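Participant: If you scroll down you'll find the structure; I have some questions about it.
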Amino acid sequence: MFDTLSDRLGGVFDKLKGRGALREQDVRDAMREVRIALLEADVALPVARRFIDAVTEKAVGQDVLRSVTPGQQVIKIVHDELVETLGGAETEGLNLDAKPPVVIMMVGLQGSGKTTTTAKLAKLIRERHGKKALMASLDVNRPAAQEQLAVLGGQVDVATLPIIKGQQPVDIARRAMEAARLQNFDVLLLDTAGRLHVDDALMAEMKAVAGVSAPNEVLLVVDSLTGQDAVNVAQSFSGEVPLTGVVLTRMDGDARGGAALSMRAVTGKPIKFAGTGEKLDAIEVFRPGSVADRILGMGDVVSLVEKAAATIKEEDAEKLARNIEKGKFDLDDLAMQLRQMRNMGGLGMLAGMMPGMKKAKAAMQASGMDDKVLVHLEAVISSMTPKERANPDLMNAKRKKRVAAGSGTDVQTVNKLLKMHQEMARAMKQIKKMGGLKGLAAMFG
Ligand code: GDP
Ligand code: MG
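Using my numbering, count along the sequence shown one by one with no gaps and you end on 472.
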C-alpha cells in the first residue's frame, strides 16, 4: 500500500510546531511529498510539476489555523487546488442544446470503453433527459464491433442503425445523420473505431467523421488506468478533433485518479462522466472532490479539515486555545464547543471521521448523548446569566430550576450539562499538563 499523504506530511511538519505562517522552505519540502503522491496516483510528470508550482505560490505565507496541524493545512490547500483544477464545484452534464438530431461523437483508443460508454449515455439520455436516441457504430476495424453496439442497444432499449457490411465510417456517419433526421431522433450517438495507439490514419478518420456530422459533443473516452500515457492520448486527440469533454472509464478499479488531472490539464476540457463498472448503469457525473480525495489518498482528513476551517471561527478557536493553555474552561467555552460539534455534522459525523473518536462516541451514547441533546445543552447554557456561565459553582437548586424553565428543559438536563462541563474542564487541565493543544494534536496525528 501507499503511505497516505498525511503520513508523509506529518514528518515534514514535525519541526514546524508553534509557527504562525507556512514558510517557503517548509512548503517546498512538503511539495516534494505531494509530488510523489501525485506521481503515485499516475499524474503525468509535466502536469504534476505545473500543479506543484501553482500550489506552492498559494501556500507560502498562509496562516495556519489553530484547529489543524500545518500538514493538514497544506493538504487542504493541495486538495482545494486539485478540486479547482479538476473542474471546481460545477458538474457539467451533456450539452444537448442544439437543433436535433444533436450529434455526440465518441473518440478514444481501442478498449478505452467507447462502445460501453455510448450505450450508457444512450440509456441516460432516454431515462433522464427523456429524449429519443439513435446509436451508430462506425467501427469497421474490429470484428463484430457493430454487432456489439446492437446488442447493447437491445439491453438499454435504444435503437441502433441497421448494419450494412462493407460501408466505410464516413458513409455510415452520413447514413446515420439521414436516418436520425428522417425518423425524428433527438440525439445521435456515433461510436467510432479505436486503435491500440494513436496513429495518423485514426486521426484522419476522426476528422472526416467530425467534418460530416458536425457534432455538438466530442467526448474523449479514456481508461483511468492509462497513467502517464494519458497525456499523449489527450494531446493527439485534442490537436485533431474539437473535443468538448472527457469521460474517464474504469474508475471502479484501483486507478488512483491521476489521469483525471492530466486529461483536464492537457485538453482544458471538462471531465463530464466517470465510468464505474461494466454494467450499463455504471456511469456517474464526474465529481472533482471525490477524485481529489482519491489522488491524495486520504479523504477523511480532508473533510475534517474542511469542516474545521468552515465552521470554526478563528477568533473562537484562538480564544479557546488561550483558555486551554491557561487551564480555564468555562461554560461559554463549552457552548462554543457544542456549537462546533453540531456544525461539524454532530457526533456521528465526527466519530466516522476520526478513528479515535469511535470510543468517545460510544461513551457519549451510553450516557444518553445524541445530537438532539447537543441542542438542549446549548439552550441550557444560553438561559444562564453571564455570571453563572463564568462561574458554574453559583448554580444552586433555585437557579437550576430557573434555567430549566427558561430553556424548556428540566433540572436533570441542567445537571447533566454541569456534569459534562466539570468533566471537560478536568480533561482540559489534563491537556494542559500534556503540553497543550499541540501535544493533543501529536497524539491524534
Ligand atoms: P472500446 O474498444 O473503446 O469500444 O471499449 P469497450 O466499450 O468495448 O470496452 C472494453 C471493455 O472495458 C469491456 O469489457 C467493457 O465492459 C469494459 N469497460 C468499459 N467501461 C468500463 C468501466 O467503467 N468499468 C469497468 N470495470 N469496465 C469497463
Ligand atoms: Mg468499441
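Think of the CB as a built atom: it goes at the ideal place given N, C-alpha and C, for glycine as much as any other residue.
For clarity, every value in this text was computed on a predicted model and none was experimentally measured.
Note down, one range per segment and in chain order, each alpha helix (DSSP H) of at least 4 residues found wholly within the region 398-437.
Facilitator: 398-409, 413-417, 424-434
Participant: Going by beta carbon distance, what residues of the same chain come within less than 6 Å of Met411, once the five residues before and after it are set aside?
Facilitator: So the list reads Val430, once near-sequence residues are dropped.
Participant: Assuming Glu174 is part of the alpha helix (DSSP H), what are its boundary residues?
Facilitator: 172-183
Participant: Mind checking who Ala18 pairs with in its DSSP beta bridge?
Facilitator: The structure shown does not extend to residue 18, since the chain is modelled only from 28 through 472, so no value can be given for it.
Participant: Since Gly120 and Gly221 should fall inside the 8 Å C-beta cutoff, what is the C-beta to C-beta distance between them, to a whole number of angstroms?
Facilitator: Incorrect: roughly 24 Å between the Cβ atoms, too far for contact.
Participant: For Asp80 versus Ala48, is the C-beta spacing smaller than 7 Å?
Facilitator: no
Participant: Please find out if some non-hydrogen atom of the ligand GDP comes closer than 6 Å to the beta-carbon of Arg277.
Facilitator: yes
Participant: Span of the beta strand (DSSP E) holding Thr276?
Facilitator: For Thr276, the uninterrupted beta strand (DSSP E) segment begins and ends at 272-276.
Participant: Bridge partners of Ser251, per DSSP?
Facilitator: DSSP, once it has assigned bridges, lists no residue as partnering Ser251.
Participant: Please work out which residues of its chain come closer than 7 Å, Cβ to Cβ, to Leu165, disregarding the five sequence neighbours upstream and downstream, and give them in chain order.
Facilitator: Pro196, Ile199, Ala200, Leu217, Asp218, Thr219, Ala220, Val236
Participant: With C-beta atoms as the reference, is Val258 less than 7 Å away from Val293?
Facilitator: yes
Participant: Given Ala207, which residues of its chain have a CB within under 6 Å of its CB, disregarding the five upstream and five downstream residues?
Facilitator: Pro128, Leu161, Leu215
Participant: Is Thr143 near the ligand GDP - that is, is its Cβ less than 6 Å away from at least one heavy atom of it?
Facilitator: yes
Participant: Pairs of beta-carbons, one from the region 234-250 and one from the region 286-303, closer than 8 Å: are there three or more?
Facilitator: yes
Participant: What are the complete alpha helix (DSSP H) segments, minimum 4 residues, inside the region 68-113?
Facilitator: 72-86, 97-112
Participant: Indicate whether Gly266 and Ile322 have their beta-carbon atoms separated by less than 7 Å.
Facilitator: no
Participant: Could you give the C-beta distance for Ala282 and Leu113, rounded to a whole number, given that I count them as a contact under 8 Å?
Facilitator: Wrong, their Cβ atoms sit about 14 Å apart, outside the cutoff.
Participant: For Ala417, which of Ala186, Gln449, Thr436 has the nearest alpha-carbon?
Facilitator: Between Ala417 and the set Ala186, Gln449, Thr436, the nearest pair of CA atoms involves Gln449.
Participant: Does the beta-carbon of Gly254, which I'm using as the reference point, lie nearer than 6 Å to any heavy atom of the ligand GDP?
Facilitator: no
Participant: Is Glu60 helix, strand or coil when you go by DSSP?
Facilitator: helix
Participant: Determine, using beta carbons only, whether Leu252 comes closer than 7 Å to chain C.
Facilitator: The structure shown has no chain C; it contains just one protein chain.
Participant: Could you pull the start and end residues of the alpha helix (DSSP H) that Glu205 belongs to?
Facilitator: Taken as a continuous stretch (DSSP letters only), the alpha helix (DSSP H) holding Glu205 covers 196-209.
Participant: Closer than 6 Å to a non-hydrogen atom of the ligand MG - does that hold for the CB of Ala172?
Facilitator: Checking the Cβ of Ala172 against the ligand MG gives yes.
Participant: Let's test the definition: count the other Cβ atoms within 10 Å of the Cβ of Gln439 and tell me whether it reaches 16, buried, or not, exposed.
Facilitator: Flag for Gln439 reads exposed.
Participant: State the DSSP-derived secondary structure class of Ala452, mapped to helix, strand or coil.
Facilitator: helix
Participant: Comparing C-alpha positions only, which one of Thr276, Lys103, Leu123 sits nearest to Arg153?
Facilitator: Leu123
Participant: The beta strand (DSSP E) spanning Leu216 covers which residue range?
Facilitator: 214-218
Participant: Compute every distance between the C-beta of Gln182 and the non-hydrogen atoms of the ligand GDP, then say whether any falls below 6 Å.
Facilitator: No; taking the cut-off as 6 Å, the Cβ of Gln182 has no heavy atom of the ligand GDP nearer than that.
Participant: By alpha-carbon positions, which one of Phe78, Leu65, Lys159, Gly88 ends up nearest to Val54?
Facilitator: Of Phe78, Leu65, Lys159, Gly88, the residue nearest in Cα terms is Gly88.
Participant: Run the proximity test for Ser434: is its beta-carbon closer than 6 Å to any non-hydrogen atom belonging to the ligand ZN?
Facilitator: The ligand ZN is absent from the structure shown, which contains only the ligand GDP and the ligand MG.
Participant: How long is the line joining the alpha carbons of Gly115 and Asp320, rounded to whole angstroms?
Facilitator: 13 Å
Participant: Between the beta-carbon of Asn243 and the beta-carbon of Val110, is there less than 7 Å?
Facilitator: no
Participant: Expressed to the nearest angstrom, what Euclidean distance is found between the alpha-carbon atoms of Met133 and Asn168?
Facilitator: Computed Cα separation, rounded: 16 Å.
Participant: What's the C-alpha gap between Lys456 and Ile310?
Facilitator: So the two alpha carbons sit approximately 52 Å from each other.
Participant: Tell me which same chain residues have a C-beta within less than 7 Å of the C-beta of Asp278, skipping the five on either side of it?
Facilitator: Contrary to the premise, residue 278 reads as Met rather than Asp in this sequence. Closer than 7 Å at the Cβ level, and outside the excluded window around Met278, lie Ser251, Ala301, Gly302, Thr303.
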